[in-house]
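Line by line, the protein sequences are chains A and B. Going left to right, the first sequence walks through residues 286 to 432 as the working numbering numbers them. Going left to right, the second sequence walks through residues 286 to 432 as the working numbering numbers them. Don't be surprised by glycine CBs; every beta carbon is placed ideally from N, CA and C. I have placed the structure first, in the form of structure tokens, so that the comments after it can refer back to it.
Number of protein chains: 2
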Amino acid sequence: MKITSKGRYAVLAMVDIAKFGEDTPCNLSHVSVRQNISLSYLEQIFNDLKRANLVKSQKGPGGGYKLNKESNEIRILDIFNAIDEQIKTTGCGNDPKSSCSGTGKKCLTHNFWENLEGVIGNYLNSVYLSDLTEEYSISGERRAISE
Amino acid sequence: MKITSKGRYAVLAMVDIAKFGEDTPCNLSHVSVRQNISLSYLEQIFNDLKRANLVKSQKGPGGGYKLNKESNEIRILDIFNAIDEQIKTTGCGNDPKSSCSGTGKKCLTHNFWENLEGVIGNYLNSVYLSDLTEEYSISGERRAISE
DNA sequence: TAATAACCTACTAATTTAGTCAACTATTTA
DNA sequence: TAAATAGTTGACTAAATTAGTAGGTTATTA
Chain A
286 MKITSKGRYA
296 VLAMVDIAKF
306 GEDTPCNLSH
316 VSVRQNISLS
326 YLEQIFNDLK
336 RANLVKSQKG
346 PGGGYKLNKE
356 SNEIRILDIF
366 NAIDEQIKTT
376 GCGNDPKSSC
386 SGTGKKCLTH
396 NFWENLEGVI
406 GNYLNSVYLS
416 DLTEEYSISG
426 ERRAISE
Chain B
286 MKITSKGRYA
296 VLAMVDIAKF
306 GEDTPCNLSH
316 VSVRQNISLS
326 YLEQIFNDLK
336 RANLVKSQKG
346 PGGGYKLNKE
356 SNEIRILDIF
366 NAIDEQIKTT
376 GCGNDPKSSC
386 SGTGKKCLTH
396 NFWENLEGVI
406 GNYLNSVYLS
416 DLTEEYSISG
426 ERRAISE
């Protein structure tokens with residue numbers, strides 16, 4: 286039960302863009318340094334993010350990336366979807382070897398895994414990028430971070 | 286964001302044991318066939334489950350595994366812990382390369398990932414093995430499955 | 001004592017992850 | 001208009017993890 290680095294980086298980089306890219310576009314070299322993420326890897330990630338219309342780009346000197354929507358309009362789940370970070374716990378349906386698929390009847394645990402996916406998905410859908418940039422700790426009720 | 290096969294198999298096999306091992310112990314060959322899981326792999330998994338005192342074993346002919354507690358006393362989180370299926374989303378703290386560790390200050394997304402871990406952990410802690418054997422679909426309020 | 005089934009360890013093939021590398025294209029500024 | 005900047009794209013690869021397999025040992029029972 287882990288998030289891939291790609292997923293972690295994507296969210297982190299989006300927070301970075303949201304914080305530092307308000308006036309001028311953020312170029313990825315800066316994000317790379319600030320967040321300690323490989324530049325080439327960031328390029329791949331932003332490729333996906335752009336395709337999902339979460340960011341817009343500006344080429345040439347002084348260019349870079351900006352958010353394409355307000356940060357309170359971007360859900361963390363949107364970011365996950367953009368980079369194809371799937372929430373997949375069942376294992377059913379994809380491979381013919383699985384005990385669930387093929388047979389036509391659900392495996393004993395099918396509903397449970399689906400519910401777990403729902404719990405995770407609901408949470409990711411309820412948190413917005415702005416929640417992270419505002420440095421709130423989201424946990425039911427929201428409390429400010431003392432930092 | 287995936288569960289490993291080991292995790293899926295462990296939960297599935299525990300449900301199997303709970304269902305079929307009430308009177309006589311379940312031997313793993315049968316579980317293997319019923320749930321379509323490799324026998325050797327099951328052996329490894331039950332090694333862990335036994336070490337965590339979730340099951341007890343009986344060697345020799347007619348032997349096998351039984352639950353070591355009532356199924357309404359075993360939480361899914363217990364099973365995850367037994368087989369070391371970690372809920373780890375931060376990526377901070379473990380490797381020195383991560384943007385969070387070393388520097389002494391939390392990365393921008395640290396609290397978010399911790400909250401996500403909390404959401405998942407709470408859910409897994411709230412569901413019992415008996416919830417699965419009774420074929421309930423757990424989702425906030427519980428509804429019976431029409432099957 | 002033969003069969004059964006748990007127990008244990010080492011090994012490996014396949015897959016996924018986390019990148020690297022190299023080239024190309026568009027834009028801006030000097 | 002040339003040079004520099006920065007995004008765009010695709011192919012490749014090393015490392016790590018996963019998902020097993022294989023082969024034996026030990027304990028128990030009929």
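Rank A:His-395, A:Leu-313 and A:Leu-334 by C-alpha distance to the C-alpha of Pro-346 of chain A and give the top, closest one.
-> A:Leu-313
Measure how close the beta-carbons of Ala-298 of chain A and Ile-322 of chain A come, nearest whole angstrom, since I'm counting them as under 8 Å.
-> 7 Å
For chain B, is any of its Cβ atoms less than 7 Å away from the one on Val-316 of chain A?
-> no
Quick one, which residues of the region 299-329 of chain A are near chain B if we go by CB-CB under 8 Å, in chain order?
-> Val-300, Asp-301, Lys-304, Gln-320, Asn-321 and Ile-322
Is Lys-433 of chain A helix, strand or coil when you go by DSSP?
-> With chain A represented from 286 up to 432, any question about residue 433 of chain A goes unanswered, as that position is not in the structure.
With 7 Å as the threshold, decide whether the Cβ of Arg-360 of chain B is near any Cβ in chain A.
-> no
Which residue's Cα is closest to the Cα of Ile-361 of chain B: B:Leu-339, B:Asn-332 and B:Leu-327?
-> Answer by Cα proximity: B:Leu-339.
By a C-beta neighbour count over all protein chains shown, 10 Å radius and 16 as the cutoff for buried, is Thr-375 of chain A buried or exposed?
-> Buried, since its Cβ has 16 or more Cβ neighbours within 10 Å.
Residue-chain proximity (Lys-373 of chain A, chain B), Cβ-Cβ < 7 Å | Chain B contact via Cβ: present.
Between the Cα of Thr-289 of chain A and those of B:Lys-373, B:Arg-293 and B:Gly-306, spot the shortest distance and give me the residue it belongs to.
-> B:Lys-373
Chain A beta carbons: is any one of them nearer than 7 Å to that of Lys-287 of chain B?
-> yes
Inter-residue spacing [alpha-carbon to alpha-carbon] between Val-296 of chain B and Thr-394 of chain A = 8 Å
Got a sec: is the Cβ-Cβ distance from Leu-339 of chain B to anything in chain A below 7 Å?
-> no
So which residues of chain B does Ile-405 of chain A contact, with C-beta pairs closer than 9 Å?
-> Chain B residues near Ile-405 of chain A: Met-286, Leu-401, Val-404, Ile-405 and Tyr-408.
C-beta contact flag for Ala-303 of chain A and Leu-414 of chain A at 7 Å = yes
Using DSSP with H/G/I as helix, E/B as strand and the rest coil, what is Lys-304 of chain A?
-> helix
Between Ser-356 of chain A and Tyr-326 of chain A, what straight-line distance do the alpha-carbon atoms span, to the nearest angstrom?
-> For Ser-356 of chain A and Tyr-326 of chain A, the distance between alpha carbons rounds to 23 Å.
Grab the span of the alpha helix (DSSP H) containing Lys-287 of chain A for me, first residue to last.
-> Taken as a continuous stretch (DSSP letters only), Lys-287 of chain A belongs to no alpha helix (DSSP H), as it is neither H nor E.
Could you work out which residue in B:Ile-405, B:Arg-319, B:Ser-411 and B:Lys-287 is closest to Cys-392 of chain A when comparing CA atoms only?
-> B:Arg-319
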